[in-house]
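J.: What follows is a structure written as C-alpha cells; I'll ask about it next.
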Amino acid sequence: MAPDPDLGFQVIVINASFSYFHAACAQRLGAGQEKENEEG
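So the sequence shown is numbered by this note's numbering: it starts at 6 and just counts up by one.
Here it is, written out as C-alpha cells:
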C-alpha cells in the first residue's frame, strides 16, 4: 500500500506542533534552571 499523502502531512503537522509546544513549555518551566543545567 502506498502511504496516504494527506495522512503523512497530518503527522508532520502534529509532530511540528508537539515539538513547538514542548519547546515552549520547556522554555517556560526551565527558564530559572537554564544556567544550572548547562550540561543538559
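Just so it is clear, CB atoms sit at the ideal spot from N, CA and C, and this is done for glycine as well.
Please classify Asp11: does DSSP put it in a helix, a strand, or coil?
T.: Three-state DSSP puts Asp11 in a helix.
J.: Have a look at Ala7 and Ala31 and give me their C-alpha separation to the nearest angstrom.
T.: 37 Å
J.: Could you tell me the alpha carbon to alpha carbon distance between Ala21 and Arg33, rounded to whole angstroms?
T.: 18 Å
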